[in-house]
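For the sequence shown, position 509 (counting from the first letter as 1) is numbered 1701 according to this note's numbering, and the numbering increases by one without interruption. Heads up, the thing below is written out as structure tokens.
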Amino acid sequence: METGAEIVQAVQRAPTAPGCYIWKDSSGEILYVGKAISLRARLRNYLNPQDTKTQFLMDRAATLEWVTTETNREALILEATLVKKHQPRFNVRLKDDKRYPWICISMSEMYPQIFITRTVRDDGNLYFGPYTDVGATRNTLSLILKIFPIRKVRQKLPLPKPKRPCMNFHIGRCLGPCQGNVDPEEYARIVEQVRLFLEGRTEILETLVGKRMEEASERMDYEKAAMFRDVLANIRRATERQIISDPGAADEDIVAFAARDDDGQMVVFEMREGKLTGRKSFPLKGVLNSDPEEIMTSFVRDCYLNASIRPATIILPGKIKAKRELEEMLSENGRSIRITTARKEEAELLSRMAQKNAELLLRERLLAARMKDRSRGLEEIKEMFSLPEVPSVMECYDISHLQGSHTVASGVFFVDGEPSRKDYRHYKIKTVPGIDDPASMEEVISRRLQRLLAEDRALPDLILIDGGTTQLAAACRAANALGAGDVPIIGIAKQREEIYFPGEPTPRHFDKDSAGMLILRHMRDEAHRFGITFHRSRRNQAVMRHMVEEIPDIGVSRLRSLLKHFAEHSIEEATVEELMKVPGIGKALAGKIHGYFQNKTGAKTE
């Protein structure tokens, strides 16, 4: 592990050549992989972080490594390889991209077949994808197998001994290469049609199939002409529902993204021959504190580097500095790729549509993930506490006070693992003088259960106490005194996230990051937040009543404004500038209020 000085020295030793750099933590885990035209110049920026993400990275970075390359293009390719292999937490990256399905045409065989695979190899075959919707991928494959007379049975051809063809041959859906009498060139023409279909070049495909139908008819090969006629009809039926088009446009991919916290969603609209032929979506991870340029650059690099089919133009929602390097990396075999932003009216419209799709898909994905985690968490809570069924209604209670004054309690309610804020309750402790958290907890639980019993309402499935053995015992005494001892009650400690069970002096430990513990911790944190807010509000009201008596310039109207503004913050710690933000409080009065609390603090200190 290197010290700060050693990291500075390592940066100074870095070469000026292009390459990739790797930041690791003290355990050797790769935190971030980056690339640079000049490694030394780029790494110097990390010594004085200017943004939150870089600051977080450098707080954890312990060692630095680098790999030089001959060109910046090679550095970009190496960066993509390392990010995909190691999935560093601080890199923007495609989520689970290795699991996306591809459609493969096995060009390495004499009679290629078409199938879905999740592994892309450098084996001479053609791969189309990745497809992000598995169901849609299967539908596409099924459609191709219906339209084109390509073989469906997975077997190695040619066979040592020809055999009788299957039903697909007899219904016109396969040329029957298993018979051993199919011309490989004729079969290759069908494969070429499949390739054009997968590339979205339907107009070229229709022209080609129509021409071959006419040629077969002129040769009086009416059986083959009928086959091409059926293929042409099926292609037109498959594409006639296209309603969005941009006549005259080249092959384009229109990219948009949405981000929330550490999750992102990329959407790609595929325009082929001026028609919108498909929409792909890619979930991203590691976008927290990442700027849009980094997100777009990482996506273009990771998505298109291994793509077998690339559009002539990639339209992004904003400009990126690595535009030239990415264009050079993606261009090959004399075919150039252009990266730009939307300029034409039609492209701008599609960009807005793609952006809306990205936002909706991200919202749906996060909602589905939360529902899945919540369901799993509730099942875990059931197992943790041996509950008879998955808990539906859970409550959590916390005691708040400041040096024994203004003691209050808070109760928060979770329904099916989600906060039900309309049911949150505050309690003023009435029977307990001074500091006595267990007695205060006993009063609150007693009042809560007594009311539920009096109103003949259902008791909660689980009560969580923010505290250890003494507060848990007090809550259990309250429940037993009311004949509600069957209600499961547990305690949770703040520091080590320990769980206390009734009658057990030693706490139990569960995985604090498990779905069940995350729900319990959320409940505890909500109860603490809600209680602190209420306590601060009560204390502010008491303080302000005395302040009104001693500062004559504060009347009822200004008092209300102060109470509203400092509902969740302590007025005693407010600066003059913060006080001046309150309506009706000028600089002079703000100075008086600030001085009032300064004098109070000074008197207490003495």
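Every residue gets a Cβ at the ideal spot worked out from N, C-alpha and C, and that includes glycine.
For I1269, there is no enclosing beta strand (DSSP E); the residue is found in the alpha helix (DSSP H) stretching over 1264-1278. Looking at the backbone, the Cα of Q1642 and that of V1447 are separated by about 59 Å. When rounded, the separation of the alpha-carbon atoms in R1464 and L1542 is 13 Å.
Here the stretch 1674-1690 makes no contact with the stretch 1548-1559; the two share fewer than three CB pairs at distances below 8 Å.
Scanning the stretch 1205-1263 for uninterrupted alpha helix (DSSP H) segments of 4 residues or longer gives 1231-1236, 1244-1252, listed from N- to C-terminal end. Ranking L1235, S1473, I1777, L1270 by CA distance to the CA of P1293 puts S1473 first. The continuous beta strand (DSSP E) containing D1455 extends over residues 1455-1464. Under the three-state reduction of DSSP output, K1704 falls in the coil class, being neither helix nor strand. Our two residues, N1672 and I1657, have alpha carbons roughly 16 Å apart in a direct line. Looking at the DSSP output, F1474 shares a beta bridge with M1458. In terms of Cα proximity to C1370, the closest of T1332, E1407, Q1305 is Q1305. Taking the C-beta atoms as reference points, L1231 is found nearer than 8 Å to Y1213. Excluding residues up to 5 positions away in sequence, I1446, I1507, P1509, E1540, L1542, S1543 lie with their Cβ nearer than 8 Å to the Cβ of A1534 in the same chain. Burial is judged here by how many other beta carbons sit within 10 angstroms of a residue's own beta carbon; M1412 has fewer than 16 and is exposed.
For T1505, the enclosing beta strand (DSSP E) has its first and last residue at 1505-1508.
For E1486, the enclosing alpha helix (DSSP H) stretches over residues 1484-1496. V1479 and A1228 have their C-alpha atoms roughly 20 Å apart. When C-beta atoms of the stretch 1673-1681 are compared with those of the stretch 1706-1717, fewer than three pairs fall below 8 Å, so the two segments do not count as touching. Looking at T1399, N1360, P1350, the one whose alpha-carbon comes closest to that of D1375 is P1350. With a contact defined as Cβ atoms closer than 8 Å, S1638 and T1599 miss out at about 15 Å. By the C-beta density criterion, Y1414 is exposed, having fewer than 16 other C-beta atoms within 10 angstroms. If you compare the alpha carbons of V1582, L1274, E1718, S1578 with that of G1569, the shortest gap goes to V1582. Between the beta-carbon of I1295 and that of F1320 there is about 5 Å, and that keeps the pair under the 8 Å contact cut. Residue burial annotation: M1586 is buried, with at least 16 other C-beta atoms found within 10 angstroms of its C-beta. E1634 is the residue among Q1663, F1702, G1211, E1634 whose C-alpha sits nearest the C-alpha of K1622. I1724 places its beta carbon less than 8 Å from that of S1592.
Each of V1259, E1378, D1422, A1272 was checked against the Cα of I1336, and the nearest Cα belongs to D1422. Counting every other CB atom within 10 Å of its CB across the protein chains shown gives P1697 a total below 16, marking it as exposed.
The C-alpha of Y1323 lies about 21 Å from the C-alpha of I1342. Residue pairing of H1618 in beta bridges, as defined by DSSP: S1602.
The C-alpha of H1618 is placed about 16 Å away from the C-alpha of L1644. Annotation for I1308: the continuous beta strand (DSSP E) segment containing it runs 1306-1309. The stretch 1667-1720 contains, as complete beta strand (DSSP E) runs of 3+ residues, the segments 1681-1684 (chain order).
I1531 and T1505 have their C-alpha atoms some 6 Å from each other. The continuous alpha helix (DSSP H) containing R1330 extends over residues 1326-1339. Judged by beta-carbon spacing, F1722 lies within the 8 Å limit of Y1616, meaning their Cβ atoms are closer than that value.
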